[in-house]
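First residue of the sequence shown: 312, per the working numbering; consecutive thereafter.
C-beta atoms are modelled at their ideal positions from N, C-alpha and C, and glycine is treated no differently.
Keep in mind it's a predicted model, so treat the numbers as computed, not measured.
Encoded as structure tokens, the structure appears first; notes follow it.
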Amino acid sequence: QVRVVESGGGLVQPGGSLRLSCAASGISGNSYAMGWYRQAPGKQRESVARIGSGGTTNYADSVKGRFTISRDNAKNTVFLQMNSLKPEDTAVYYCNVVRAASIYWGQGTRVTVSS
């Protein structure tokens, strides 16, 4: 059974940084994509950043230049380094793993950007 667990959320001031981690277990090999999504109160879940099995990345326009996604294949882990955080980045951040026709989601980690 595939399990996806996020960590690293918290409260940070505007302009600050946070690093989110997402660990996948129960999955073998590295032929899967991983991604970060977020859902702010009253809004739909949106894609933030994705990284393919070969390391190809893509980002939402709203986070380009501020967020960096990376992965450690040996540990089945993906990271999201978030710099220059803004209040509008406040949301619950979710990680997913996409392998063939299967998508696995974590429970989310809350990020609050506020002074």
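Checklist entry - Is the segment 358-378 close to the segment 314-325, with three or more CB pairs under 8 Å? => result No, the segment 358-378 does not touch the segment 314-325.
Next on the checklist: Whole angstroms are fine: how far does the CA of Thr388 sit from the CA of Ser332?
Outcome noted: Taking the sequence shown and counting its residues from 1, the one referred to as residue 332 is at position 21. Taking the sequence shown and counting its residues from 1, the one referred to as residue 388 is at position 77. Straight through space, the alpha carbons of Thr388 and Ser332 are spaced by roughly 7 Å.
Next on the checklist: What does the alpha-carbon distance come out to for the pair Ala371 and Arg356?
Outcome noted: Taking the first residue of the sequence shown as 1, we reach residue 371 at position 60. Taking the first residue of the sequence shown as 1, we reach residue 356 at position 45. Near 12 Å, if we compare the C-alpha coordinates of Arg356 and Ala371.
Next on the checklist: Using a Cβ-based criterion (distance less than 7 Å to any ligand heavy atom), does Ala351 qualify as near the ligand FMN?
Outcome noted: Ligands are entirely absent from the displayed structure, and the ligand FMN is therefore not among its contents.
Item to check | Expected contact under 8 Å - CB spacing of Ala360 and Thr368 to nearest Å | outcome: Position 49 of the sequence shown, counted from the first residue, corresponds to residue 360. Position 57 of the sequence shown, counted from the first residue, corresponds to residue 368. Between the beta-carbon of Ala360 and that of Thr368 there is about 7 Å, and that keeps the pair under the 8 Å contact cut.
Item to check | N- and C-terminal bounds of the beta strand (DSSP E) containing Arg314 | outcome: The count along the sequence shown starts at 1 and reaches residue 314 at position 3. In the DSSP assignment, Arg314 falls within the beta strand (DSSP E) that extends over Arg314 to Ser318.
Next on the checklist: Cutting at 7 Å between CB atoms, please list the residues of its own chain near Gly419, excluding the five before and the five after it.
Outcome noted: Here residue 419 is taken as the residue at index 108 of the sequence shown, counted from 1. Correct list, in chain order: Glu317, Val403, Tyr404 and Tyr405.
Next on the checklist: According to DSSP, is Ala385 part of a helix, a strand, or is it coil?
Outcome noted: Residue mapping note: residue 385 aligns to position 74 of the sequence shown, counting from 1. Here Ala385 sits in helix by DSSP.
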